[in-house]
Amino acid sequence: MTKTLEEIAAQLRDANKKVQLIYAFNGTGKTRLSRAMKNLIAPRIEGDDTPARNKILYYSAFTEDLFYWDNDLKGDGAAKLVIQPNSFTDWILVDQGQEVNITRVFQHYSKAALTPTFNQAYTRDNADGSKSEVKAFSEVTFTIEAGDDAKTDAFKISKGEESNFIWSVFYTLLETVVAELSIAEPDQRGTDQFNALEYVFVDDPVSSLDENHLIELAVNLAELVKKAPAQLRFVITTHSPLFYNVLHNELDLKKKPANDGCYLLERHADGSFTLNTKYGDANKSFTYHLHLRRMLEEAIAQDKVERYHFTLLRNLYEKTAGFLGHDKWGDLLNTAEGNKEAYVRLINTFSHSSLSTEQVADPTPQQKQTVKFLLDNLINNYGYWKQEAQNG
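In UniProt numbering, the protein residues as written are 1 to 392.
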């Protein structure tokens, strides 16, 4: 039976498990599920100013929205990563003073010399001649430490490094929370702000990491889950087979009855969802490529191709290209009639806009037909697919 994301969030809550691990393809709805879970566990109540983080901590694309770049193009100043006012970073930076540990985690997963520096409070001169106060720990600049106290000018880091930094803030918060809640007597803890914490929701942390660092991140996260007291329950979602497999093994989920707590989240053409129990790790269970093909064929048959289907099509091309030894998924378009570059642009336009749907119009009928055309190109021109269909 299909469900809404709100119903799936309720299913996860009612399962009452220490950890639930969910695999989902990009564009399926993992990030929206994190928001549905937050609204369920900590609904906004008029007149109640209790922060949601008192009951649930969550890391997702919404967490990254708390950070944005001020490139100061007019003032010719340093590029700064600005932290929007929020209780999440205020607690970990202002109240707990964890900037050193954030830097430690960040440098471990990136470059040891790449150094974030948090601002102290200062007064800013505005363009209209007025002045405004800038709070401490509301801006971050990044430099490369060159030795002998020398360093580069502040510069804008890459999107992957930015995601890594934001994860480092969240992970440091999570380390601190687990350490506090592991103190049995509440009155001996350094803070009572997390005494009522129930859930931690983690959605796809730092997908830009190389394999070695991604494995290490998964191992470290699994260790935190195992250290956490019984009151804390975790929901972890990912599109990465490697990240899923490491967590699956490190958390000993293969030893649970019927692979208790392991799922595949599917989105259907009508906008509904299914949360299916999965058995075994990703290599044994998901057959990603066949699943993607079925989802695309279903959408095409029902004339319900949407933006996210372009993401699925790209994933399918990437999976096939990797298996066949191609460096670029676009190489597989050489067998398709028409303009290869135009096909690449079309797929990239939709697949890179999954979180900014207001900027890209719905696919036109011709673009929907292109999805069918390019899926047929893959199936009809690569014998690998015929063999997989027999094996599937």
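All C-beta atoms in this analysis are idealised placements derived from N, C-alpha and C, irrespective of residue type, glycine included.
Collapsed DSSP secondary structure at residue i in the structure displayed
i: Ser163; result: helix
i: Arg233; result: strand
i: Asn380; result: helix
i: Ser354; result: Model confidence at Ser354 stands at a pLDDT of 39, short of 50, so the residue's coordinates are unreliable and nothing is read from them.
i: Asp192; result: coil
i: Tyr140; result: The question names Tyr, yet the displayed sequence has Val at residue 140. It is a strand residue.
i: Gln369; result: helix
i: Lys156; result: coil
i: Lys131; result: strand
i: Arg44; result: coil
i: Ala206; result: For the sequence presented, residue 206 should be read as Val rather than Ala. Coil.
i: Phe25; result: coil
i: Leu66; result: coil
i: Ile8; result: helix
i: Asp331; result: helix
i: Glu185; result: coil
i: Val305; result: coil
i: Asp14; result: helix
i: Gln107; result: helix
i: Leu197; result: coil
i: Asp125; result: strand
i: Glu180; result: helix
Classification of residue i by the beta-carbon crowding that lies within 10 angstroms, buried from 16 upward
i: Met1; result: exposed
i: Gly27; result: buried
i: Thr370; result: buried
i: Arg314; result: buried
i: Glu162; result: buried
i: Pro229; result: exposed
i: Phe310; result: buried
i: Lys328; result: exposed
i: Ser240; result: buried
i: Asp203; result: buried
i: Phe155; result: exposed
i: Lys278; result: buried
i: Gly338; result: exposed
i: Ala342; result: exposed
i: Thr237; result: buried
Close-in-space but distant-in-sequence residues of the same chain around residue i (CB under 7 Å, 5 per side omitted)
i: Val105; result: Ser168, Tyr171 and Thr172
i: Gln120; result: Ala136
i: Leu253; result: Leu21, Asn259, Gly261 and Cys262
Euclidean distance between Cα positions of residue i and residue j
i: Phe286; j: Ile22; result: Low local confidence applies: a pLDDT of 49 at Phe286 is under 50, so the model's placement there is unreliable, and no value is given.
i: Ser182; j: Asp192; result: 13 Å
i: Leu12; j: Lys38; result: 12 Å
i: Glu133; j: Gly147; result: 33 Å
i: Leu209; j: Ser130; result: 43 Å
i: Lys340; j: Arg294; result: 24 Å
i: Asn276; j: Ala15; result: 14 Å
i: Gln231; j: Phe165; result: 28 Å
i: His268; j: Lys304; result: 10 Å
i: Asp110; j: Glu216; result: Reading off the sequence, residue 110 comes out as Ser, not Asp. So the alpha carbons of these two residues sit roughly 13 Å apart.
i: Arg307; j: Ser351; result: 7 Å
i: Pro186; j: Asn195; result: 7 Å
i: Asn71; j: Thr103; result: 22 Å
i: Ala336; j: Ala301; result: 21 Å
i: Val82; j: Val140; result: 6 Å
i: Ala179; j: Gln366; result: 55 Å
i: Tyr68; j: Asn220; result: 27 Å
i: Gly97; j: Lys80; result: 20 Å
i: Ile379; j: Thr4; result: 32 Å
i: Leu346; j: Asn334; result: 16 Å
i: Asn381; j: Asp149; result: 58 Å
i: Asn348; j: Asp95; result: 42 Å
i: Glu175; j: Leu375; result: 44 Å
i: Lys18; j: Glu99; result: 29 Å
i: Asp362; j: Ala9; result: 28 Å
Same chain, Cβ closer than 6 Å to residue i, five either side skipped, listed in chain order
i: Ala42; result: Ala52, Lys55 and Ile56
i: Asn101; result: Thr172
i: Glu145; result: Ala113, Thr115 and Lys151
i: Leu265; result: Ile22, Ala24, Thr28 and Leu275
i: residue 397; result: The requested residue 397 does not occur in the structure, where the chain is confined to residues 1 to 392.
i: Tyr122; result: Val134
i: Gly330; result: Val344
i: residue 402; result: No statement about residue 402 is possible, as the shown extent of the chain runs from 1 to 392 and does not include it.
i: His213; result: Tyr109
i: Lys227; result: Val178
i: Glu7; result: none
i: Thr143; result: Thr115, Lys151, Thr152 and Ala154
i: Ala299; result: Ala269, Val305 and His309
Cutoff 8 Å; reference residue i; Cβ partners in own chain excluding five residues on either side
i: Glu211; result: Leu242
Residue i beta carbon near the ligand NAP (any heavy atom closer than 7 Å)
i: Ser240; result: By its list of ligands, the structure shown contains no ligand whatsoever, and the ligand NAP lies outside what it can speak to.
Beta carbon proximity, residue i to chain B, threshold 8 Å
i: Asn377; result: In summary, chain B is missing from the structure at hand, where a single protein chain is found.
Does the region 86 to 106 come close enough to the region 125 to 132 to have 3 or more Cβ pairs within less than 8 Å?
-> At 8 Å Cβ cutoff, the stretches do not touch.
The region 60 to 69 contacting the region 29 to 36, beta-carbon criterion three pairs below 8 Å | Per the Cβ contact rule, the region 60 to 69 is in contact with the region 29 to 36 (3 or more Cβ pairs under 8 Å).
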